[in-house]
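Scroll down for the structure; my scribbles are underneath it.
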Amino acid sequence: MSGQHIDPELNDVLQDPELLRLAGMLSQAETQAPPLDDAFKSALRRQLMDVAWRSAEGKDSWWRQWLSPPRLSWVGAAAVVVMIASVVIYTAAQPPGGFNEIIIQSPQADQSAVALRQPILVSFNQPMDHPSTEKAVQITPATNVTFAWNGDAKMFIQPVSGDLAPNTQYQVTIGPGALTKTQQSLAAPTTITFVTQPSTPPAPTPSPSPKPNTSLLTNVQQLANIGDGIQYSPQWSADSGTVYFVTSAGALESVQAKGGSASTLVTDGASLPAISPAGDRLAYVRSGKIFIIALPSGSSVAEIDSAATAVTWVNDKLYWGSGAGIFTLGDSGPVQLSHSPDSSGGVISIAPDGKHAAFQSGNTLLLLEVATGHTVPLGGVGAPTTFQGWSPNGQRVVYGNVIADLHGKTVYKLPEGDVSWSANNVILLGSDTGILSIRPDGTDLTKLADGTFHAPAWAPDSSTFVYVRGDTLRAATAPAARPQPSPTAQASATVNAFMRARQSNEPDTARGYLDDSGKAAYGSGNPALIPNSDLQFKRFYILIPDRRRVSQRAARPRQGPGGRLCEGHRYRGHRHVRQRPASEQHWRRHPAGLDRRRGPGHA
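Each residue of the sequence shown is one higher than the one before, counting from 0 in numbering that gives the first Met the number 0.
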């Protein structure tokens, strides 16, 4: 018992030798340890690993720390979050509807005052097949239209007549037949609904000179039946003997102004006819192309693959506008002159001189300068208005019965009516109640007749005109207008207006009275009219349109006061020249009534 540990408190109890022997046997017996449980081993191993990682913290590399079990869990969770965010961002970046759905949109959708003269824009989220998409378009009420595309995802729908009906609800439906470039079809029809602006209420007009119900027209006759649609687009031959027009069915026809049977040049689908100044060619749009035919034979001359929205001739050269801008026909094909200021808008008319164009951008009518691309809003930004035409020389534009200059400044407000501006500066105003004639400055207002006179169009001779009444095309002869002021009086008035604009510090208005050579010779805003040239110069003033009287001035300055100013006048072949010292300054009355200041620095 000496080598064994016995609890001292048991010594008093274990006095019996037998008990002591038994206790010794028990103390010497070895107890077999039970086997360790697997869960216990795993828990113990995890605890040991945690202790080992903590003991090594700060001593090992950074990647061992980040690969420790607790941090590894955080890294895994962060990776999952990044993956989810990437999926969300990728999904949001996809086009509306993804790649399995065709989405159709239009800026005119649900609008209540859409301008009458503008194309209907339809945008797709995928490249579309042009023929199937155009074939799938249905318009209510039924309207004859042409199509133009800007790429494969923007389609322009243009009424053949150029105008939508006022105060009308339109529904443009693209049916399931529309296919994408990958031949995917539209799942269901999509309808775009909008309402056009109401017609402008009639403005009060000055009292016309003739008595009511008294017609001043002669040779009134019916020429042809054009149907109950809105197509018309009249074009006159150079000799004023034949008028070309488009019926409501899209047929391009011609008829003699003195009457007779109409002849058909194109059976259907024609729009925007334009006859050349010489009258030997006629261009028109059909099926997204421009066709040029010879007159009077009707034989084909050229074919241009361009969906035009406006066509005209400038100095016997073809100009046209499309969704991309303004083009002309060069020796080797189309030449772009100007880019479109708004891809969602369109060119609706080009000036007779080709230097400006009317452009519809939403509800805003813009005046576009072709050479520079500069635009001026007509009638205010966003103000619905209607383009009505140009002056014969292209220096004035008519919109909403307002005559404006090329800066958009109002020159005169016309009475209400459909406008046609003749070559001899007489404007016709046709309406449901009659037809008026008036000068561009508001003088000589005359009521020619009562009745319905829609869309009048002057012939080149400024005597005969055509108009629409009901579903018929008619012609009439207007009385000769009162003679205009003499050319010298007009020249004097022009110079006086030019000088008043200079004195009023309105350089842009003053430049409007100059031709191209005048604009090139003098700097804009130059108060002394100093020419942008060397010391030797000459100028010509055309005082009479037939050039029988011309004023020519030539200066040949020398050093010192010896410079001379020469002025000559030529009238019907006779010439008179006089010399004046260049230093002399005074006012002199020009033979044509023009005031000119003499002296250095003045012309």
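Glycine is no exception: its CB is placed at the ideal position from the N, C-alpha and C atoms.
Predicted model only: the values in this text are computed from it and were never measured.
Under the Cβ criterion (8 Å, minimum of three pairs), the region 386 to 401 does not count as touching the region 131 to 141.
For Glu302, the CB contacts under 8 Å within the same chain, skipping 5 residues up- and downstream, are Lys288, Ile289, Phe290, Ile291 in chain order.
Going by DSSP, Lys446 is part of the beta strand (DSSP E) stretching over 445 to 449.
Between the alpha carbons of Asp315 and Pro506 lies a gap of roughly 33 Å. Its chain contains Ala112, Ala114, Gln196, Asn362 as the residues whose beta carbon lies nearer than 6 Å to that of Pro383, once the 5 sequence neighbours on both sides are disregarded; these appear in chain order.
When the alpha-carbon of Gly407 is set against those of Val425, Gly429, Gly379, Gly433, the nearest one is in Gly379. Within the DSSP bridge table, the entry for Gln220 names Ala474 as partners. Look at Val310 here: in three-state DSSP terms it is strand. For Thr508, no beta strand (DSSP E) segment is defined; the enclosing uninterrupted segment is the alpha helix (DSSP H) at 506 to 510. Judged by their CB atoms, Pro126 and Asp151 are nearer to each other than the 7 Å cut-off. Take Tyr231, set aside five residues on each side of it, and the residues of its chain with a beta-carbon closer than 8 Å to its own are Ser160, Ile225, Phe244, Val245, Ala454, Val467, Leu472, in chain order. With a beta-carbon spacing of about 6 Å, Val410 and Asp404 fall inside the 8 Å limit used to define contacts.
Each of Thr476, Arg45, Pro459 was checked against the Cα of Gly278, and the nearest Cα belongs to Pro459. In this structure, Ser260 keeps its C-beta atom at 7 Å or more from the C-beta atom of Thr241. Rounded to whole angstroms, Ile102 and Lys180 show a C-alpha spacing of 14 Å. With a cutoff of 7 Å on beta-carbon distance, Thr308 and Gly249 are scored as not near each other.
DSSP lists Phe155 as the beta-bridge partner residues of Leu120. Within the DSSP secondary-structure output, Leu365 pairs in a beta bridge with Phe358, Pro376.
A residue is called buried once 16 or more other Cβ atoms fall within 10 Å of its Cβ, and Thr217, having fewer, is exposed.
The residue from Thr493, Ser270, Thr172 with its alpha-carbon nearest to that of Ala135 is Thr172. Rounded to the nearest whole angstrom, the CA to CA distance from Thr167 to Ser430 is 20 Å.
According to DSSP, residue pairing for Lys288 in a beta bridge involves Arg285. Here the region 417 to 429 makes contact with the region 441 to 456; the two share three or more CB pairs at distances below 8 Å. In this structure, Phe155 lies away from Gly324, with their beta-carbon atoms at least 7 Å apart. DSSP, read as helix, strand or coil, puts Val425 in coil.
Residue range 251 to 255 is occupied by the beta strand (DSSP E) that includes Glu252. The criterion of a C-beta distance shorter than 7 Å is not satisfied by Leu377 and Leu367. Ile437 and Ser236 have their C-alpha atoms spaced approximately 24 Å apart. Straight-line measurement puts the Cα of Phe123 at about 42 Å from the Cα of Val465. When secondary structure is reduced to three states using DSSP, Arg280 falls in the strand class.
Taking C-beta atoms under 8 Å as the contact rule, Ala269 and Leu251 qualify, at a distance of about 4 Å. In the three-state reduction of the DSSP assignment, Asp417 falls in the strand class. Residue burial is scored here from C-beta neighbours: Ser184 has fewer than 16 other C-beta atoms within 10 angstroms and is therefore classed as exposed. Beyond the five residues adjoining it in sequence on each side, His355 comes within less than 7 Å, by CB distance, of Leu366, Leu367, Glu368, Val369, Gly393, Leu405 in the same chain, given in chain order. A direct Cα-to-Cα measurement between Phe39 and Gly75 gives close to 27 Å. Under a 10 Å Cβ-count criterion, Glu17 is classified as exposed, with fewer than 16 other Cβ atoms of the shown protein chains found around its own Cβ.
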